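Novice: In order, the protein sequence lines correspond to chains A and B. When the letters of the first sequence are read in order and numbered with this note's numbering, they come out as residues 70 to 293. When the letters of the second sequence are read in order and numbered with this note's numbering, they come out as residues 70 to 293. We put the beta carbon where it would ideally sit given N, CA and C, even for glycine. Since the structure is predicted, the reported quantities are computational estimates derived from the model, not experimental observations.
Number of protein chains: 2
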Amino acid sequence: MEPSSESGMCKRARRLRSDAEQNRDRIIEAARNVYRREGLGASMASIARAAGVGIATLFRRFPTRMELIAAVFEEPMRRNRDAAVAARDEDSAWEGFRGYVETVCALQAVNRGFAEVLTMNYGTAKVLERQRQEAFEAFTELIGRAKREGRLREDFSPEDLPILLMANAGVLGAVGDAGPAASKRLVGQMLRAFSESGSEPLPPAPGPKELLRGMVRQRRAGGG
Amino acid sequence: MEPSSESGMCKRARRLRSDAEQNRDRIIEAARNVYRREGLGASMASIARAAGVGIATLFRRFPTRMELIAAVFEEPMRRNRDAAVAARDEDSAWEGFRGYVETVCALQAVNRGFAEVLTMNYGTAKVLERQRQEAFEAFTELIGRAKREGRLREDFSPEDLPILLMANAGVLGAVGDAGPAASKRLVGQMLRAFSESGSEPLPPAPGPKELLRGMVRQRRAGGG
DNA sequence: AACCAAGTGGAATGACCTATCCGCTTGTGT
DNA sequence: ACACAAGCGGATAGGTCATTCCACTTGGTT
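Okay, structure coming up:
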């Protein structure tokens, strides 16, 4: 705390060399793509390869996997927070509620990593935890308005959202190609359950063949 | 095909030696427990250790992981099929429907391996596939009756069941201790969505702390 | 009691993964 | 232009895993 008290507070310990900065960006970009396709279980080596850097470079910049995950998903999580805030401020609370739920679940459907990030414990990733907390708070306010509006059931609980996100992640992880269709169907059913007078039409159910055919074989049998 | 055409058709190629038979049973028993706790991703070595046999013995008896899974879950899957048939024959179709759905999901909650087996593609495990098919058929008949009864919504699709099972498995996999509570809540919501006039009370939602605290850290970051 | 096919366990192999080490390269301040 | 800290990437150590091999035991039959 004595010698190099330059550089404001503590963030960004020191400025990166320009080439290092560029490598950092390439890593994050590559990780974004790999995580989207393969989920957070993707190996560090595969990310380094995709980024075109050595493994050591990856580890020097992100000593733990969580730091990389936090760097990659900080922006998506911020956008998620913003979506929740925007929903909270919509004229119709119910429409805001429905739209937000559908949007988040649709994002999960196109990004496996994001689906997992939304449903995991961050340990010590303050950035992500803060975004989630803020989104959760906006969502909770939205719930209150929607209930007062009379469109959302009184017994809806804020925790029903994380439960839905985990459920959705489960569906997406279990089926392959039919994932988006199955996910839409699930969300439709859940919204019906949440809605006070709920009888909005459902998205179509995927056919049995699609559902079965897509089902994950056993990527090392972690079936979940 | 010429010499030893004894032993009926083709099943049980030849009778096992008594000690081998006993080892086989011990393996299945051990695998049952390990799979229940850890899911189908449990290592073959850990199962052999739990059974008190050498790794080679395990592989000789069950050359592929699927063969072991099929042997372990044949009986649970048969009981699942029986439950579906019993539900189909209940007086009140809706009560049969509700009871069956709740039962299967509760079984998932106490048996991680079973939760995964119910939502995976068996490849070439005919035994399991047949049980699933029969359960599905009984369930489909039950659906028809429940709709005619007027208690189940017309737009309920048989595929909504596997979707629910995957969703439930996702919830159970994502949260730890709070799994059963979260699962019950999800099932309650879904039943509400399925029910024509549905306003039965919901199971309580788990508190935010329980939900978060239980959340899987990152068992090698395969979060979902 | 003696034979031997059937059965056994542990060592060996090889794939894949995280994480660290270390000699070489390069951006940058002077 | 030079010096050198910062940065680099391949090699490597050490872990888990599935799967195979092989020298040794043993149940059952005669």
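What residues of chain B sit near residue 243 of chain A, judged by a beta carbon separation below 8 Å?
Specialist: The answer, in chain order, is 188, 189, 235, 238, 239.
Novice: Could you tell me whether any Cβ in chain A is nearer than 9 Å to the Cβ of residue 219 of chain B?
Specialist: Answer no: the Cβ-Cβ gap between residue 219 of chain B and chain A never drops below 9 Å.
Novice: Considering only residues of the stretch 97-130 of chain A, which uninterrupted alpha helix (DSSP H) runs meet the minimum length of 4 residues and lie entirely inside it, listed in chain order?
Specialist: The qualifying runs are 113-120, 124-130.
Novice: Based on the DSSP secondary-structure assignment, which residues constitute the bridge partners of residue 221 of chain A?
Specialist: In the DSSP output, where bridge partners are listed per residue, residue 221 of chain A has A:264.
Novice: Just checking: is the beta-carbon of residue 246 of chain B within a distance shorter than 9 Å of some beta-carbon in chain A?
Specialist: It does not; no Cβ of chain A falls within 9 Å.
Novice: Is residue 213 of chain B helix, strand or coil by DSSP?
Specialist: Of the three classes helix, strand and coil, the one that applies to residue 213 of chain B here is helix, per DSSP.
Novice: What residues in its chain sit with their C-beta under 7 Å from that of residue 204 of chain A, if we drop five residues either side in the sequence?
Specialist: Excluding sequence neighbours, residue 204 of chain A sits near 149, 150, 153.
Novice: Would you say residue 151 of chain B reaches chain A, if we count a Cβ-Cβ gap shorter than 9 Å as a contact?
Specialist: No, its Cβ sits nowhere closer than 9 Å to a Cβ of chain A.
Novice: For a contact defined as C-beta to C-beta under 8 Å, what are the partners of residue 171 of chain B on chain A?
Specialist: What residue 171 of chain B touches in chain A: nothing, since even the nearest Cβ is about 15 Å away.
Novice: Report yes or no: do the stretch 229-238 of chain A and the stretch 173-180 of chain A share at least 3 C-beta pairs separated by less than 8 Å?
Specialist: Because the criterion of three Cβ pairs below 8 Å is met, the stretch 229-238 of chain A and the stretch 173-180 of chain A touch.
Novice: With distance defined between alpha-carbon atoms, name the residue in A:251, A:159, A:191, A:93 nearest to residue 284 of chain A.
Specialist: If we check each option's Cα against that of residue 284 of chain A, A:251 comes out closest.
Novice: Does the Cβ-Cβ distance between residue 210 of chain B and residue 157 of chain B come in under 9 Å?
Specialist: Cβ atoms of residue 210 of chain B and residue 157 of chain B: closer than 9 Å.
Novice: If we define contact as Cβ-Cβ less than 9 Å, is residue 232 of chain A a contact residue for chain B?
Specialist: Yes, because at least one Cβ of chain B sits closer than 9 Å to the Cβ of residue 232 of chain A.
Novice: State the CB to CB distance for the pair residue 235 of chain B and residue 240 of chain A, rounded to an integer number of angstroms; the pair is presumed to be in contact (CB under 8 Å).
Specialist: The pair is a contact, with the Cβ atoms about 5 Å apart (cut-off 8 Å).
Novice: Mark residue 254 of chain B as exposed unless 16 or more other C-beta atoms lie within 10 angstroms of its C-beta, in which case mark it buried.
Specialist: Its Cβ being crowded by 16 or more others within 10 Å, residue 254 of chain B is buried.
Novice: Is residue 125 of chain B buried or exposed, if buried means 16 or more other CB atoms sit within 10 Å of its CB?
Specialist: Under this definition residue 125 of chain B is an exposed residue.
Novice: Based on Cα-Cα distance, which residue from A:83, A:98, A:139 lies nearest to residue 196 of chain A?
Specialist: Answer by Cα proximity: A:139.
Novice: For the alpha helix (DSSP H) that contains residue 179 of chain B, what are its first and last residues?
Specialist: 162-179 is the span of the alpha helix (DSSP H), which, as asked, contains residue 179 of chain B.
Novice: Is the CB-CB distance between residue 187 of chain B and residue 238 of chain B below 9 Å?
Specialist: Contact: yes.
Novice: Taking residue 135 of chain B as part of the alpha helix (DSSP H), name the residues at either end of that continuous run.
Specialist: 134-157 is the span of the alpha helix (DSSP H), which, as asked, contains residue 135 of chain B.
Novice: I need the DSSP call for residue 74 of chain B, collapsed to helix, strand or coil.
Specialist: Residue placement at residue 74 of chain B is poorly supported in this model, since its pLDDT is 38, which falls under 50; the coordinates still yield a value, given next. Coil, per DSSP.
Novice: Using the beta-carbon of each residue, which ones in chain A are nearer than 8 Å to residue 271 of chain B?
Specialist: Result: 224.
Novice: Using a C-beta cutoff of 9 Å, does residue 142 of chain A count as contacting chain B?
Specialist: So no, residue 142 of chain A is outside the interface.
Novice: Alpha carbon to alpha carbon, how far is residue 199 of chain A from residue 272 of chain A?
Specialist: Taking the straight line from one Cα to the other gives about 33 Å.
Novice: What does the alpha-carbon distance come out to for the pair residue 169 of chain A and residue 249 of chain B?
Specialist: Spanning the two alpha carbons is a distance of roughly 27 Å.
Novice: What does residue 18 of chain A reach in chain B if we use C-beta pairs closer than 7 Å?
Specialist: This structure cannot settle anything about residue 18 of chain A, because the visible part of chain A is limited to 70 through 293.
Novice: Listing by chain order, which chain B residues have their CB less than 8 Å from the CB of residue 113 of chain A?
Specialist: Within 8 Å Cβ-Cβ: nothing; residue 113 of chain A doesn't reach chain B, min ~10 Å.
Novice: Within 9 Å of any Cβ in chain B, is that where the Cβ of residue 261 of chain A sits?
Specialist: Yes, residue 261 of chain A lies at the interface with chain B (some Cβ there is under 9 Å from its Cβ).
Novice: Does the beta-carbon distance from residue 166 of chain B to residue 201 of chain B come in below 9 Å?
Specialist: Going by C-beta atoms, residue 166 of chain B is not nearer than 9 Å to residue 201 of chain B.
Novice: Between the beta-carbon of residue 104 of chain A and the beta-carbon of residue 141 of chain A, is there less than 9 Å?
Specialist: Cβ atoms of residue 104 of chain A and residue 141 of chain A: closer than 9 Å.
Novice: Would you say residue 254 of chain A faces chain B, with C-beta separation under 9 Å as the test?
Specialist: Residue 254 of chain A counts as touching chain B.
Novice: For residue 95 of chain A, which three-state DSSP category applies?
Specialist: Residue 95 of chain A: helix per DSSP, three-state reduction.
Novice: Closer than 7 Å by C-beta to residue 115 of chain B: which residues in its own chain qualify, once you throw out the five before and the five after it? Chain order, please.
Specialist: Closer than 7 Å at the Cβ level, and outside the excluded window around residue 115 of chain B, lie 103.
Novice: Using the Cα positions of residue 121 of chain A and residue 163 of chain A, report the straight-line distance between them to the nearest angstrom.
Specialist: Roughly 47 Å separates the two Cα atoms.
Novice: Locate the alpha helix (DSSP H) running through residue 239 of chain A, then write down its first and last residues.
Specialist: First-last of the alpha helix (DSSP H) with residue 239 of chain A: 229-243.
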